[in-house]
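Student: Residue numbers (this note's numbering), protein chains in the order written: chain A, 30 to 343; chain B, 30 to 343.
Backbone N, C-alpha and C fix where the C-beta goes; we use that ideal spot for every residue, glycine too.
Since the structure is predicted, the reported quantities are computational estimates derived from the model, not experimental observations.
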C-alpha cells in the first residue's frame, strides 16, 4: 500500500502472482476505513484463488515506520497514521498471521528476489514518488541497522540551507528530487512569471497534484520549466546515487517508484552520467548497474511475500 | 603506516601489545626505502619479543587502495605509491605470511575489536587527518562492498560546487573538513587580510604543514580564524555523521585520526549537536554513541592483527 493506492496479490511462495486487485485508498477517512479496504482486497484475491490453495499469511508493506514483531504502524505521514495496530486488526479479521513491513523496504526486497536486483549480493533501492525512500540489501539480506532505522536515504543532506523538508531539516534530497519537491519548484517558477503548461494539464485532468502522468505530458510537450525542474532533480539523484555507491559499493542500484514506472529510461537516463562522474573508483564503475525496477506495482506485494517467508521461516 | 609515520607492534592474537616501535617514514625517498623501514621496524619488535613466542604473520595497514589477496598497494597518494607489491616484498624479507589492508579499514577493525566500538554489532569509523576516510562494520564484520570499494565516506558531496577535492570533484567532505581543507581555509583567510597566528606557530615550530599540534596551539591562544575554520569543519562532519547514521543506523560512530588523538572532546564535542539535529529518527537518537577512538596509534596495528587472524582463520 502507498499513500493513495493499494495493490493486493495472491502469490505462491516462489513469487508467482495468481490473483490481483488494485484500487485507490481513502486515507482521508481515517485508518479504520483503509484497514477495511485492505481486508476486502485480501478477501477478493483469496476468493479468486483456487480453493485447494492454502494461505499462510497476509503480508503488507505500509508507507511509514513499522514494527515487524507487533505489526504496529508507528507513523505513516502520507496516511496520517500514528500508532495503528495494523497487524493485529488484520489477524483478527482474516484469521491469518499478519506481517507488516515498510513499503520501500518490501519493494527493495521484491526487486532483489524477483526483479532487477536478482543475482546481486549487495543492492540499493531508490524509490522516488511523493517522498523519496530507499532500501538496502547486504549479503543477500535486507539491512535494517541497530534500531530498524537504516536506509533513510531521503534525508541525506545534499544542499545545506536548501529547501525545507517535511522532516524539519533543509536541503534533504527528498526536498530536492521528490515529486513533491518538483511540484513546489514548478509552482514557484510559475508564481515568478515563468511560462508552463503544467497547471493547465493538471486542471484539464482534474488532478490536484502533479502526478507522474502530468509530468510525462508536460515533457512530451517540451515544457521548458518542467525540463529544467526535472533536470535539477536528476542531478541531485545522481549525487545521492554516487554517495551511496561510494559508501556501500553495491553491484546494482534499482530505481523504482511512480516516476520510474511511468517514465523509465527517460527519467533514469540523465541520472547515470551524474552518478558515474561522482563515483570515486572509476576504474570499474560501469560494473555497477543503475537500472529501473522491473516489477512495477508488484515489487511491494512480492517483497512482502519474501518478508513473510523470512519471518515464518518457510 | 600513515603518510608520514609508522607504528609497529608485536601483539598476541588477543591484541596484547608486547613490543612497539614508532618512527617517521621517508615517503619522498621512494617505496623501497619505506619498505626497508617497515622491515627494520618489524625486526626490531620481533627482537624485543621473548624468543619463545612464534610469529605467524606480518599484518600492515597501508594508506591507500590495497588488495588483500596479492598484498599489492594499488595506489597510495600520500606515499606517492602506485602498484607496489608490498606483501610480496615483506614475505621475502621476513619469511612470514604478509597481510596488507587499508589503514582506515584496519583502524576501524582495531577500534571495533579492542577499542571504542567493542560490543557493537554495526559500527562506522570516521578518521580525520590529512584526508578523511572511514570504515564500516556490519554484523560484526568489516564491510567491503562488491568491489572492495565501500566506505569511501570522504568523497560524500556535502556542498555541490564547493571547494575542489583531490579526487577531482568539488564539495566532498574531505575538501571541507580534513586537516588539509582547514589549512587551505586558514591560508586563504590570511591571504585575504584576516589576522591569525597559525603561520607564525608553524614557522616557530619549523612545520611546513598545519599539524594537529599547530591547531591545538592556535585554539589555546583563541585564534579567531582558527576557531571559525574548525567550526566549519565540525559542521560538515556533523552532516556527514548524520547522513551515515540515517543510512546505516549503527550503534556507535567512532572518530579517530590525528585531530581526535590530539584534541579529543574539544574536536568531537561540537560535532555531536549538529549530527543529532540531523538524525531523522530523534526518538532514540541518544542511543547512538558518537565517541572518540580509544586506541590512539594502536588502532591500526591491532586492527591489522585482527585482519590477519581473519585471513589465516586463527
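Return the residue from the list A:176, A:339, A:159 that minimises the CA-CA distance to residue 315 (chain B).
Tutor: Within the second chain, numbered from 1, the residue matching residue 315 (chain B) stands at position 286. Among A:176, A:339, A:159, the Cα nearest to that of residue 315 (chain B) is on A:176.
Student: Please state the DSSP three-state secondary structure of residue 29 (chain A).
Tutor: In the structure as shown, chain A starts at 30 and stops at 343, and residue 29 (chain A) therefore has no counterpart that could be examined.
Student: Pull out every residue of the region 191 to 203 of chain A whose Cβ sits closer than 7 Å to any Cβ of chain B, in chain order.
Tutor: Against chain B - using a Cβ distance shorter than 7 Å - the residues of the region 191 to 203 of chain A are 196, 198.
Student: Can you look up residue 330 (chain A) in the DSSP assignment and give me helix, strand or coil?
Tutor: Numbered from 1 along the first chain, position 301 holds the residue referred to as residue 330 (chain A). Three-state DSSP puts residue 330 (chain A) in a helix.
Student: Suppose the cutoff is 6 Å on Cβ atoms and the five residues either side in sequence are ignored; what does the same chain contact list for residue 152 (chain B) look like?
Tutor: Position 123 of the second chain, counting from 1, holds the residue named residue 152 (chain B). These residues qualify, in order along the chain: 141, 146, 166, 279, 281.
Student: Name the two residues that bound the continuous alpha helix (DSSP H) containing residue 137 (chain B).
Tutor: Here the question's residue 137 (chain B) lines up with position 108 in the second chain. Run containing residue 137 (chain B): 132 to 143, per the alpha helix (DSSP H) assignment.
Student: Within 10 angstroms of its Cβ, does residue 170 (chain B) collect 16 or more other Cβ (buried), or is it exposed?
Tutor: Position 141 of the second chain, counting from 1, holds the residue named residue 170 (chain B). The residue in question, residue 170 (chain B), is exposed, as its Cβ has fewer than 16 Cβ neighbours within 10 Å.
Student: Mapping DSSP to helix, strand and coil, what is residue 320 (chain B)?
Tutor: Counting from 1 along the second chain, the entry for residue 320 (chain B) is found at position 291. Three-state result, residue 320 (chain B): strand.
Student: Report the option in B:300, B:310, B:286, B:87 whose CA atom is closest to the CA atom of residue 323 (chain B).
Tutor: In the second chain, the residue the question calls residue 323 (chain B) occupies position 294. Cα-wise, what sits closest to residue 323 (chain B) is B:286.
Student: So which residues of chain A does residue 275 (chain B) contact, with C-beta pairs closer than 7 Å?
Tutor: The sequence position of residue 275 (chain B) within the second chain is 246, counting from 1. In chain order: 181, 184, 185.
Student: Between residue 117 (chain A) and residue 125 (chain A), what straight-line distance do the alpha-carbon atoms span, to the nearest angstrom?
Tutor: Position 88 of the first chain holds residue 117 (chain A). Position 96 of the first chain holds residue 125 (chain A). Going from the Cα of residue 117 (chain A) to the Cα of residue 125 (chain A) covers about 10 Å.
Student: Any idea what DSSP makes of residue 74 (chain A), helix, strand or coil?
Tutor: Along the first chain, one-based indexing puts residue 74 (chain A) at 45. The answer is helix: DSSP assigns residue 74 (chain A) an H, G or I state.
Student: Would you say residue 128 (chain B) lies against chain A (beta-carbon separation less than 8 Å)?
Tutor: In the second chain, residue 128 (chain B) corresponds to position 99, counting from 1. Taking Cβ atoms only, chain A never reaches closer than 8 Å to residue 128 (chain B), which makes this a no.
Student: Let me check one thing: in DSSP terms, what residues is residue 196 (chain B) bridge-paired to?
Tutor: If you number the second chain from 1, residue 196 (chain B) lands on position 167. For residue 196 (chain B), which the question treats as bridged, DSSP gives no partner whatsoever.
Student: Which whole-angstrom value describes the C-beta separation of residue 30 (chain B) and residue 93 (chain B), a residue pair presumed to lie in contact below a C-beta threshold of 8 Å?
Tutor: Locating residue 30 (chain B) in the second chain gives position 1, counting from the first residue. Locating residue 93 (chain B) in the second chain gives position 64, counting from the first residue. Their Cβ separation, rounded to whole angstroms, is 10 Å, which puts residue 30 (chain B) and residue 93 (chain B) out of contact at 8 Å.
Student: For residue 186 (chain B), list the residues DSSP reports as bridge partners.
Tutor: On the second chain, position 157 is the one that residue 186 (chain B) refers to. Partner(s): B:201.
Student: Does the beta carbon of residue 267 (chain A) come closer than 8 Å to any beta carbon on chain B?
Tutor: In the first chain, residue 267 (chain A) corresponds to position 238, counting from 1. Judged by the 8 Å Cβ criterion, residue 267 (chain A) is not in contact with chain B.
Student: Ignoring anything shorter than 3 residues or poking outside the region 227 to 312 of chain B, list the beta strand (DSSP E) runs there in chain order.
Tutor: Entirely contained in the region 227 to 312 of chain B, the beta strand (DSSP E) runs reaching 3 residues are, in chain order, 281 to 285.
Student: Three-state secondary structure (DSSP) at residue 213 (chain B)?
Tutor: Locating residue 213 (chain B) in the second chain gives position 184, counting from the first residue. The answer is helix: DSSP assigns residue 213 (chain B) an H, G or I state.
Student: So which residues of chain B does residue 279 (chain A) contact, with C-beta pairs closer than 8 Å?
Tutor: Mapped onto the first chain, residue 279 (chain A) falls at position 250. By Cβ distance, chain B contributes 174, 175.
Student: Just reading off the alpha helix (DSSP H) that residue 122 (chain B) is part of, what are its end residues?
Tutor: Here residue 122 (chain B) refers to the residue found at position 93 when the second chain is read from its first residue. Where residue 122 (chain B) is concerned, the enclosing alpha helix (DSSP H) stretches over 115 to 123.
Student: Counting only Cβ-Cβ distances shorter than 7 Å, please list the residues of the region 149 to 165 of chain A near chain B, keeping chain order.
Tutor: Of all residues in the region 149 to 165 of chain A, 150, 151 have a Cβ within less than 7 Å of some Cβ in chain B.
Student: Find the residues of chain B that neighbour residue 189 (chain A), judging by a C-beta separation of less than 9 Å, and give them in chain order.
Tutor: Indexing the first chain from 1 puts residue 189 (chain A) at position 160. The contacting residues are 187, 188, 264, 265, 268.
Student: Here's the rule I'm using: 16 or more other beta-carbon atoms within 10 Å means buried, otherwise exposed. How should residue 11 (chain A) be labelled?
Tutor: Limits of chain A in this structure are 30 at one end and 343 at the other, which puts residue 11 (chain A) out of reach.
Student: Compare the C-alpha of residue 339 (chain B) against each of B:265, B:209, B:271, B:128 and name the closest.
Tutor: Counting from 1 along the second chain, the entry for residue 339 (chain B) is found at position 310. Ranking B:265, B:209, B:271, B:128 by Cα distance to residue 339 (chain B) puts B:128 first.
Student: Would you identify the three-state DSSP class for residue 325 (chain B), choosing helix, strand or coil?
Tutor: Residue mapping note: residue 325 (chain B) aligns to position 296 of the second chain, counting from 1. Note: residue 325 (chain B) maps to helix in three-state DSSP.
Student: Name, please, each residue of chain A whose Cβ falls closer than 7 Å to the Cβ of residue 93 (chain B).
Tutor: The sequence position of residue 93 (chain B) within the second chain is 64, counting from 1. By Cβ distance, chain A contributes nothing, its closest Cβ being about 12 Å from residue 93 (chain B), past 7 Å.
Student: I want to see whether chain A comes within less than 8 Å of residue 297 (chain B), judged by CB atoms only; does it?
Tutor: Here residue 297 (chain B) refers to the residue found at position 268 when the second chain is read from its first residue. No, its Cβ sits nowhere closer than 8 Å to a Cβ of chain A.
Student: Buried or exposed: residue 57 (chain A), going by 16 or more other Cβ atoms within 10 Å of its Cβ?
Tutor: As a working mapping, residue 57 (chain A) is identified with position 28 in the first chain. When all chains shown are included, residue 57 (chain A) counts as exposed.
Student: Pick from B:97, B:299, B:40, B:309: whose alpha carbon is nearest that of residue 79 (chain B)?
Tutor: Counted from its first residue, the second chain places residue 79 (chain B) at position 50. It is B:40 whose Cα lies nearest to the Cα of residue 79 (chain B).
Student: Measure the Cβ-Cβ separation of residue 284 (chain B) and residue 297 (chain B) and say whether it is below 8 Å.
Tutor: Along the second chain, read from residue 1 onward, the residue named residue 284 (chain B) stands at position 255. Along the second chain, read from residue 1 onward, the residue named residue 297 (chain B) stands at position 268. It is a contact, given that the beta carbons lie within the stated cut-off.
Student: Report buried or exposed for residue 212 (chain A), applying the criterion of at least 16 other Cβ atoms within 10 angstroms of its Cβ.
Tutor: Taking the first chain and counting its residues from 1, the one referred to as residue 212 (chain A) is at position 183. Result: buried.
Student: Using a Cβ cut-off of 8 Å (strictly closer), state whether residue 313 (chain B) contacts chain A.
Tutor: Along the second chain, one-based indexing puts residue 313 (chain B) at 284. At least one chain A Cβ lies under 8 Å of residue 313 (chain B).
Student: Quick check: is the beta carbon of residue 43 (chain A) nearer than 8 Å to any beta carbon in chain B?
Tutor: Start at 1 with the first residue of the first chain, and residue 43 (chain A) comes out as number 14. No, residue 43 (chain A) does not count as interfacial toward chain B.
Student: Span of the beta strand (DSSP E) holding residue 52 (chain A)?
Tutor: The residue labelled residue 52 (chain A) in the question sits at position 23 within the first chain. 46 to 53 is the extent of the beta strand (DSSP E) around residue 52 (chain A).
Student: Per DSSP, what are the beta-bridge partners of residue 96 (chain B) in this structure?
Tutor: Translated into positions along the second chain, residue 96 (chain B) becomes position 67. According to DSSP, which records beta bridges pairwise, residue 96 (chain B) is partnered with B:101.
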